[in-house]
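A.B. asks:
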Amino acid sequence: MLKSKRQDPKLWISHLESIISKIKAIDKSSAPSERDLMLHVLNNLTPEYECVLDDLENLFNDGTLTLERVREKLSGRYERIKEDRREKVLEERVMRAASGKQFKGMCNHCGEYGHNAAWCPEKVGDAQHFIRNGKCWFCRSEEHKLFKCKKFAAAKAKEAGETSNFVTEELGNEEDYGFDIGL
1 MLKSKRQDPK LWISHLESII SKIKAIDKSS APSERDLMLH VLNNLTPEYE
51 CVLDDLENLF NDGTLTLERV REKLSGRYER IKEDRREKVL EERVMRAASG
101 KQFKGMCNHC GEYGHNAAWC PEKVGDAQHF IRNGKCWFCR SEEHKLFKCK
151 KFAAAKAKEA GETSNFVTEE LGNEEDYGFD IGL
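Numbering follows the numbering used here, in which position 114 of the sequence shown is assigned residue number 114; successive positions increment by one, without gaps.
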């Protein structure tokens with residue numbers, strides 16, 4: 001059975017043909033005919049193919065339908081379904097972008113489309129709260145985020161056993177921070 005509108009009917013028909021050829025290799029007399037195969041295909045299409053089904057059934061009843069014609073008609077419909085799906089996705093993305101509410105990219109934390117790592121639902125805890133509210137989770141300041149936090153830079157430099165020019169020139173007095181930054 002054609003499982004969904006996203007499955008390519010050409011591949012499905014080719015798969016059915018390979019099954020029939022395997023049956024023929026075992027016992028030619030029990031293999032289904034091409035007409036049986038076409039009947040199986042027509043009876044197992046998804047509702048999206050209804051518009052081409054009437055034409056194919058008329059040709060089948062007249063005895064003029066070939067497997068190649070079935071492939072051709074179903075492939076044409078499949079391409080239209082794919083194009084409609086592309087247009088719908090594009091329209092949804094444009095609408096989200098126009099509203100300004102939806103992030104238009106992949107999350108660097110979980111890899112899902114539609115939000116960035118700062119708003120990832122998989123992230124939990126104190127750091128997430130501060131990232132979302134525009135606060136530094138390291139020093140709890142509401143004036144900057146972590147990437148601009150001088151205290152964090154000083155702590156990282158101390159941890160690495162370094163004293164960078166940034167730490168000595170920009171931070172100044174270590175008593176301001178409540179811990180020894182190793183100057």
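Backbone N, C-alpha and C define an ideal beta-carbon position, used for all residues, glycine too.
Alpha carbon to alpha carbon, how far is A117 from L16? Give it in angstroms, no decimals.
C.D. replies: As a working mapping, residue 16 is identified with position 16 in the sequence shown. As a working mapping, residue 117 is identified with position 117 in the sequence shown. Each residue's alpha carbon lies about 45 Å from the other.
A.B. asks: Taking 8 Å as the threshold, find out whether the region 26-38 comes into contact with the region 53-68 through three or more Cβ pairs.
C.D. replies: Touching, yes.
A.B. asks: Applying the criterion that 16 or more other CB atoms from any shown protein chain within 10 Å of the CB defines a buried residue, is I19 buried or exposed?
C.D. replies: Locating residue 19 in the sequence shown gives position 19, counting from the first residue. Around the beta-carbon of I19, fewer than 16 other beta-carbon atoms lie within 10 Å, marking it exposed.
A.B. asks: Select from R80, K151 and R69 the residue whose C-alpha is nearest the C-alpha of L42.
C.D. replies: Within the sequence shown, the letter at position 42 stands for residue 42. It is R69 whose Cα lies nearest to the Cα of L42.
A.B. asks: Let me know the secondary structure DSSP gives M106 once reduced to three states.
C.D. replies: The count along the sequence shown starts at 1 and reaches residue 106 at position 106. If DSSP states are grouped into helix, strand and coil, M106 belongs with the strands.
A.B. asks: Please determine, among L53, K3, D8 and K28, the residue with the shortest C-alpha to C-alpha distance to L39.
C.D. replies: Taking the first residue of the sequence shown as 1, we reach residue 39 at position 39. With distances taken between CA atoms, L39 lies nearest to L53 out of L53, K3, D8 and K28.
A.B. asks: Which value, in whole angstroms, describes the spacing of the CA atoms of I131 and K145?
C.D. replies: Numbered from its first residue, the sequence shown carries residue 131 at position 131. Numbered from its first residue, the sequence shown carries residue 145 at position 145. Confidence at I131 is low in this model, with a pLDDT of 49, below 50, so the placement of that residue should be treated as unreliable; the coordinate-derived value is given next. Roughly 7 Å between the two C-alpha positions.
A.B. asks: For K73, which option in D55, L90, E87 and T64 has the closest C-alpha, if you only look at C-alpha atoms?
C.D. replies: Position 73 of the sequence shown, counted from the start, is the residue given in the question as residue 73. Checked all of D55, L90, E87 and T64; the closest Cα to K73 is D55.
A.B. asks: Closer than 8 Å by C-beta to F103: which residues in its own chain qualify, once you throw out the five before and the five after it? Chain order, please.
C.D. replies: Within the sequence shown, residue 103 is the residue found at index 103, counting from 1. Only G114, H115, N116 and W119 meet the Cβ criterion.
A.B. asks: Starting from the C-beta of C51, find all residues in its chain whose C-beta is less than 8 Å away, skip the five residues before and the five after it, and write them out in chain order.
C.D. replies: As a working mapping, residue 51 is identified with position 51 in the sequence shown. For C51, where only same-chain residues beyond five positions count, the Cβ hits under 8 Å are R77.
A.B. asks: With 16 as the cutoff for other CB atoms within 10 Å, does W12 come out buried or exposed?
C.D. replies: The residue given as residue 12 occupies position 12 in the sequence shown. Per the 10 Å Cβ criterion, buried.
A.B. asks: When we look at the beta-carbon of P9 and count the other beta-carbons within 10 Å, is it buried (16 or more) or exposed?
C.D. replies: For this step, residue 9 is matched to residue 9 along the sequence shown. Counting the other CB atoms within 10 Å of its CB gives P9 a total of 16 or more, which places it among the buried residues.
A.B. asks: Which complete alpha helix (DSSP H) runs does the region 23-77 hold, if anything under 4 residues is left out?
C.D. replies: Fully enclosed alpha helix (DSSP H) runs of no fewer than 4 residues occupy 34-43 and 50-62 of the region 23-77, in order along the chain.
A.B. asks: Can you say whether L237 is buried or exposed, counting buried as having 16 or more other CB atoms within 10 angstroms of its CB?
C.D. replies: The requested residue 237 does not occur in the structure, where the chain is confined to residues 1 to 183.
A.B. asks: Taking all protein chains shown into account, decide if K88 is buried (16 or more other Cβ within 10 angstroms of its Cβ) or exposed.
C.D. replies: The residue labelled residue 88 in the question sits at position 88 within the sequence shown. Exposed, by the Cβ-count rule.
A.B. asks: Could you check whether I23 and S30 sit closer than 8 Å to each other, using their CB atoms as the reference points?
C.D. replies: Here residue 30 corresponds to residue number 30 of the sequence shown, with the count starting at 1. Here residue 23 corresponds to residue number 23 of the sequence shown, with the count starting at 1. Yes, the pair counts as a contact, with Cβ atoms nearer than the cut-off.
A.B. asks: Check each candidate in E48, A153, R80 and C149 and name the one with the smallest Cα separation from K5.
C.D. replies: By 1-based counting over the sequence shown, the position of residue 5 is 5. Measuring from the Cα of K5, the nearest candidate turns out to be E48.
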